[in-house]
Ligand code: M6R
């Protein structure tokens, strides 16, 4: 939610460098953008606007330091005035997060507010303290005392060289160049320049001036030693390459990502399985697509290990928090590892003595770092807003863990290796063409339905998320057996129904809708006469949901393209939802 990028060092601190960095972070928010460049004479030049970064035309001066922000609006509409940076007094600020007590701070720090944002209130607070003679570091410490909520902020303080940054709850990573330093919400923003990084933790701040970097505790102001780590990513991993969009690139990458995901260390798997066994109740906490992967996990654990896992959307946990206590296991499933609703449950659970097992795609993420055990998804960066390769990696790891829990991890690995191989074979141009042809017809409809049973029920729900978010077609997923209890009333002549699976009960349900005029598209291993169209998927046994969801991802991608939409950046969405 909102992308932040900054650079200090006269040779590279240009508006163009910031725009390039922001472009790499645009998946985090793309309502509006803004850049601030500070020159050697200490003048700050600001350019900001609504819309996407590709539409930018600014004449930036040469700078010694610069930063920028791409926004996903929370407080205040999508307007130029609300775009960051915000300037109050001697302070120029960009912010990712939420200042929850902004109303009371607005009264405490009055100024001529030019925007409706909580960020401008934070700038006003910093400016007020800076005007009293406090150093930039002292101002940041004061902000930390007074602001309630989550933030990653970057600031210029007039007349003081360098960029000051602080973190509480929203990610910030430092990239160490030879003569310059980068600060960003995510590594891909500076990957073309350096792979050497420091992770800023919550309640820490950093002051960078060129290549000089000083880390401080945000509460005490004491210096902190940080280890510099080389990340194993290549710059190309975070680019589209020859693919027209990130979404299709990431779908195709599933040729190899399932195999990478299951390449988990045996020790970690054992530790995770032990946590499952010893837990006084397991709650799987996730949002959106990750929640649907967790639901598939609920079936895996029940079917394979005879274990009950409670899957609750993180935003619905409040009634169930009473059952989280010392010894409860919270299983966090997330691509980004930063989703605010999940983080909140983990923080509450941790304070109550619960253990945390996290599965995320970002090794440095907040969830990974607060977990007792972290199982990395190992799929490489996922940049399209729609989660695809991360979701199948999550399911593969949950499947493996269910087998580990049942004491049959090698059997689980073998089944998944076979699944990875079958998916590799399935993902070929002819397969995509066949799905593209069906998507052209589907894209003309405004409503469609998806049904599935057992592990394919969560996939029906996942299919509806995928289709809705990128193609804007109203798609609804149901448990196949539930149709006849109400939703079947929606079926009219020609209504598209995607049927996941070929078990006899689901085929009967398909027949029920077909008899009422539905256009039935089957996604299954075996053909049935009930299907008007058929997408064949390989037989992956208990891991069937992993191979079945992939054609649905391809279908939603092509429906979006057919409808003239940008599948990478759907309206109103952002990749990582770091607000509640
Ligand atoms: O980063 P996370 O996996 O925690 O994100 C959770 C959801 O916001 C995410 O899966 C969302 O539903 C996707 N846009 C779906 O494709």
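In our numbering, the protein residues as written are 1491 to 2070.
Yeah, the Cβ is synthetic: ideal placement off N, Cα and C, and Gly gets one too.
Taking a C-beta distance under 8 Å as the contact criterion, residue 2028 and residue 1953 do not qualify as a contact pair. For residue 2043, the secondary structure class from DSSP, reduced to helix, strand or coil, is helix. The ligand M6R has no heavy atom closer than 7 Å to the beta-carbon of residue 1940. In this structure, residue 2058 places its C-beta atom within 8 Å of the C-beta atom of residue 1875. Rounded to the nearest angstrom, the Cβ distance from residue 1672 to residue 1497 is 5 Å, consistent with a contact under 8 Å.
Partner residues in the beta bridge of residue 1673, as assigned by DSSP, are 1496 and 1664. Cβ contact annotation for residue 1706 (same chain, cutoff 8 Å, sequence separation greater than five): 1627, 1694, 1695, 1696, 1697, 1712, 1713 and 1714, in chain order. Between the C-alpha atoms of residue 1587 and residue 1810 there is a straight-line separation of about 26 Å. Taking 7 Å as the cut-off, the C-beta of residue 1854 does not count as close to any heavy atom of the ligand M6R. Across the structure, residue 1760 and residue 1795 are spaced so that their CA atoms are roughly 14 Å apart. In the structure shown, the three-state DSSP call for residue 1972 is helix. Closer than 7 Å to some heavy atom of the ligand M6R: that does not describe the Cβ of residue 1725. Residue 1990 is not a Cβ neighbour of residue 2020, given a cutoff of 8 Å. Ranked by how close their Cα comes to the Cα of residue 1523, the residues 1532, 1724, 1534 and 1505 have 1505 in first place.
Sequence-distant partners of residue 1739 (beyond 5 residues in either direction) whose C-beta falls short of 7 Å from its own C-beta, in its chain, are 1730, 1731 and 1733.
Relative to the ligand M6R, the beta carbon of residue 1802 is positioned no closer than 7 Å to any heavy atom. By the Cβ-count criterion, residue 1709 is exposed, with fewer than 16 other Cβ atoms from all chains shown falling within 10 Å of its own Cβ. In the DSSP assignment, the residues bridged to residue 1846 are 1820. Residue 1609 counts as buried, since at least 16 other C-beta atoms from the protein chains shown sit within 10 angstroms of its C-beta.
By the C-beta density criterion, residue 2016 is exposed, having fewer than 16 other C-beta atoms within 10 angstroms. Cβ contact annotation for residue 1599 (same chain, cutoff 6 Å, sequence separation greater than five): 1614, 1615 and 1618, in chain order. Less than 8 Å divides the Cβ of residue 1910 from the Cβ of residue 1748.
The continuous alpha helix (DSSP H) containing residue 1841 extends over residues 1830-1841. Residue environment for residue 1813: exposed (fewer than 16 other C-beta atoms within 10 angstroms of its C-beta). Shown here for residue 1864: same chain residues with a beta carbon closer than 6 Å to its own, the five before and five after excluded, namely 1848 and 1858 in chain order.
In this structure, the ligand M6R has a non-hydrogen atom nearer than 7 Å to the beta-carbon of residue 1956.
In this structure, residue 1687 keeps its C-beta atom at 8 Å or more from the C-beta atom of residue 1653. Residue pairing of residue 1990 in beta bridges, as defined by DSSP: 2013. Under the three-state reduction of DSSP, residue 1568 is assigned to coil, being neither helix nor strand. Distance from the CA atom of residue 1596 to the CA atom of residue 2047, rounded to whole angstroms, is 44 Å.
Residue 1967 is bridged by DSSP to 1940.
The C-beta distance from residue 1906 to residue 1890 rounds to 6 Å, short enough to fall under 8 Å. In terms of CA proximity to residue 1972, 1947 leads the group 1959, 1947, 1631 and 1958. A heavy atom of the ligand M6R is found nearer than 7 Å to the CB of residue 1778.
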